[in-house]
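In this text, residue positions in the sequence shown follow numbering that gives the first Met the number 0: the first is 0, and each later residue adds one.
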Amino acid sequence: MFKRKIYDELIQWKEKSNGSTALMIEGARRIGKSTIVEAFAANAYDDYLLIDFSVADKAVVNNFENIGNLNEFFRNLALLTGKRLKEKNSLIIFDEVQFCPKARQSIKQLVKDGRYDYIETGSLISISENVKDILIPSEEDCIKMFPMDFEEFLWAIGNNVYADEIRNAFESRKSLGDAAHRKIMQAFRTYMAVGGMPQAVQNYVDGKDYYTIDRTKKNILKLYSNDLKKHDDLYDDNAGIIFKTLPAQLSNRNSVFHMSEVNENARLRNCKSAIDFLSESMIVNICTNVTKPEVGLELYKDISRFKMFMGDTGLLISHILQTGKSNADKLYRSLIIDDLGINQGMVFENAVAQMLMAGGHELYYHEFSYRPENSTIEKNYEIDFLLVKGKRLSPVEVKSSSYRSHKSFDYFKDKYQLKMNERYIIYTKDLEYKDDIMYIPVYMAMCL
0 MFKRKIYDEL IQWKEKSNGS TALMIEGARR IGKSTIVEAF AANAYDDYLL
50 IDFSVADKAV VNNFENIGNL NEFFRNLALL TGKRLKEKNS LIIFDEVQFC
100 PKARQSIKQL VKDGRYDYIE TGSLISISEN VKDILIPSEE DCIKMFPMDF
150 EEFLWAIGNN VYADEIRNAF ESRKSLGDAA HRKIMQAFRT YMAVGGMPQA
200 VQNYVDGKDY YTIDRTKKNI LKLYSNDLKK HDDLYDDNAG IIFKTLPAQL
250 SNRNSVFHMS EVNENARLRN CKSAIDFLSE SMIVNICTNV TKPEVGLELY
300 KDISRFKMFM GDTGLLISHI LQTGKSNADK LYRSLIIDDL GINQGMVFEN
350 AVAQMLMAGG HELYYHEFSY RPENSTIEKN YEIDFLLVKG KRLSPVEVKS
400 SSYRSHKSFD YFKDKYQLKM NERYIIYTKD LEYKDDIMYI PVYMAMCL
């Protein structure tokens, strides 16, 4: 099992909750939810029971009809699973709980009963069909889990130094130096290529070639596509088609989502449920336009204008590179040494979006018009990401090179006259503070 940051959150939940709440861990499939929870259960409890509702026997599911009589429920559960738990320091895991909404609803009674602790894992837990007939228990703490971030990737490959050095440089506003920057940048490019899905990372750690790593990721993409197809068949929806267009969407100017890429007759009102499904599945990250750059960004969302990023950049690479065995290694290695003939801008922007989400940020961007002095023409500009830090805004712009132009920053500042926190340009060179702007290497987005 790889070291994951969420493990510390599990420890904190156990200590603070002391049995008063269950814990729900929400995340996309194949990101390692079950693995980390089972490892936690083995280390932190005397015993545990895992019920995987994606494959659970029907009798186990039907047993939740007996939740009104907990003695009978637990007697049956022991018979059906062949396991009897000690009370007070044992954990019951409801894995893939979206397949059994009644189990989720039963959390209220089970927590109140107090015999065991409970952790639930799932994806699509808020989708209407998974909650329409149940009351969501108030005795449920929820946290979101994401693919492995860059620091977790570094831990996986045995590097416990780079992340601390990155943070120290960011906090002190000091460059790392050319030699250190080049090494970390190469590691980050490798991370983008491999991605943060634990199976792919395990392939890399085991010394597998990039063809094998790519095949693992494509199997995950196929799993996602099958999930989306089931949804589309059931609701006559377009989630699968939208997902297929994601690389094309990101290659558009400014990466703004164009309904025309779905089909010529597609309209937002017809695709909103599909987009919501993709977002709820956490296999994509949605970045929404805001009409005003104010601290309360949520109040100014324009849901008709948005960008859609892949939840894991490594999966995006495999989505883009539909290639065979003959040149998979070559293409991946080209990405790592910065010599690949694809739009690297969308790959870098996707990686930054992924890091911001993992860091707890909601994703927003801002489009605005501005007429510079000595010009008769008003032009359109964009701030790639807007963050709220310390009750002030921090604009962020992402570049896939060492390019330092910041017209959009300057015009943004002139137009709105805002009191801002730091302004960040994310690029491929070492850290530098200049012109009241923090230029930070892309891997340093983990510090924002």
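Glycine included, every Cβ here is placed at the ideal spot set by N, Cα and C.
Separation of residue j from residue i, as counted between CA atoms
i	j	result
R114	K87	5 Å
K4	G206	24 Å
F276	L123	8 Å
R268	P394	30 Å
E297	A357	19 Å
L9	K15	10 Å
T120	L315	25 Å
I35	Y6	7 Å
E377	P371	7 Å
Q108	Y47	19 Å
N62	A55	11 Å
V283	Q416	34 Å
S259	R266	8 Å
M0	E151	12 Å
N68	V200	45 Å
K324	V397	Confidence at K324 is low in this model, with a pLDDT of 48, below 50, so its placement is unreliable and the value that follows should be read with caution. Approximately 32 Å, taken between the alpha carbons.
C99	V60	7 Å
F72	E25	26 Å
R188	L334	7 Å
Y331	V351	19 Å
T322	Y432	Confidence at T322 is low in this model, with a pLDDT of 44, below 50, so its placement is unreliable and the value that follows should be read with caution. Looking at the two C-alpha atoms, the distance is approximately 41 Å.
N144	K32	The residue asked about is misnamed: residue 144 is Met in this sequence, not Asn. In a straight line, the C-alpha of M144 is about 7 Å away from that of K32.
N449	T290	Because residue 449 is not part of the residues shown, which for the chain are 0 to 447, the question remains open.
E421	E348	19 Å
K57	I50	12 Å
Residue from the options whose Cα sits closest to the Cα of residue i
i	options	result
I274	G239, N288, T290 and N349	G239
F411	N379, K433 and K390	N379
E164	K433, K182 and I335	K182
D140	Q11, F152 and L227	Q11
E37	A27, F93 and V54	F93
N262	I241, L417, L84 and S250	I241
D236	L222, D112, C270 and F39	C270
H318	S404, K217 and D413	K217
T211	V441, Q198, F52 and D45	Q198
M23	R74, F1, N42 and A102	A102
L430	A247, E293 and K173	K173
A40	I382, S254 and I91	I91
A43	G81, S19 and S89	S89
R29	G310, S374, S400 and F73	G310
H257	I302, R214 and Y442	I302
L53	D226, S171 and I142	The question names Leu, but residue 53 is Ser in the sequence shown. Of D226, S171 and I142, the residue nearest in Cα terms is D226.
K243	R252, S254, D232 and K221	K221
Where residue i sits in the DSSP three-state scheme
i	result
H360	coil
F52	coil
M443	helix
P100	helix
T287	strand
I30	coil
D46	strand
F149	helix
S105	coil
S278	helix
L69	helix
P394	strand
F526	Beyond the ends of the chain as shown, which are 0 and 447, falls residue 526; an answer cannot be given.
M184	helix
K428	coil
S89	strand
R332	helix
G323	Residue confidence is low: G323 scores 46 on pLDDT, short of 50, so the model does not pin down where it sits. No coordinate-derived value is stated.
R304	strand
Supposed contact pair residue j and residue i - C-beta distance, whole angstroms, cut 8 Å
i	j	result
Y369	L385	That belief does not hold up - the Cβ atoms of Y369 and L385 are roughly 16 Å apart, past 8 Å.
A21	Y117	4 Å
M354	M445	5 Å
M184	P440	6 Å
M196	Q248	With 8 Å as the limit, M196 and Q248 do not qualify as a contact, their Cβ atoms being about 21 Å apart.
F304	E381	Inspection of the sequence shows that residue 304 is occupied by Arg rather than by Phe. About 10 Å; that fails the 8 Å criterion.
S272	Y234	7 Å
T312	G194	6 Å
Y426	S400	7 Å
V255	L392	About 20 Å; that fails the 8 Å criterion.
Per DSSP, the bridge partner or partners of residue i
i	result
E138	Per DSSP, none; premise fails for E138.
D94	D51
M450	In the structure as shown, the chain begins at 0 and stops at 447. Residue 450 is therefore absent and cannot be evaluated.
S368	N379
C270	According to DSSP, which records beta bridges pairwise, C270 is partnered with nothing at all.
K433	I436
Y299	Beta-bridge pairing links Y299 to no other residue.
M309	V283
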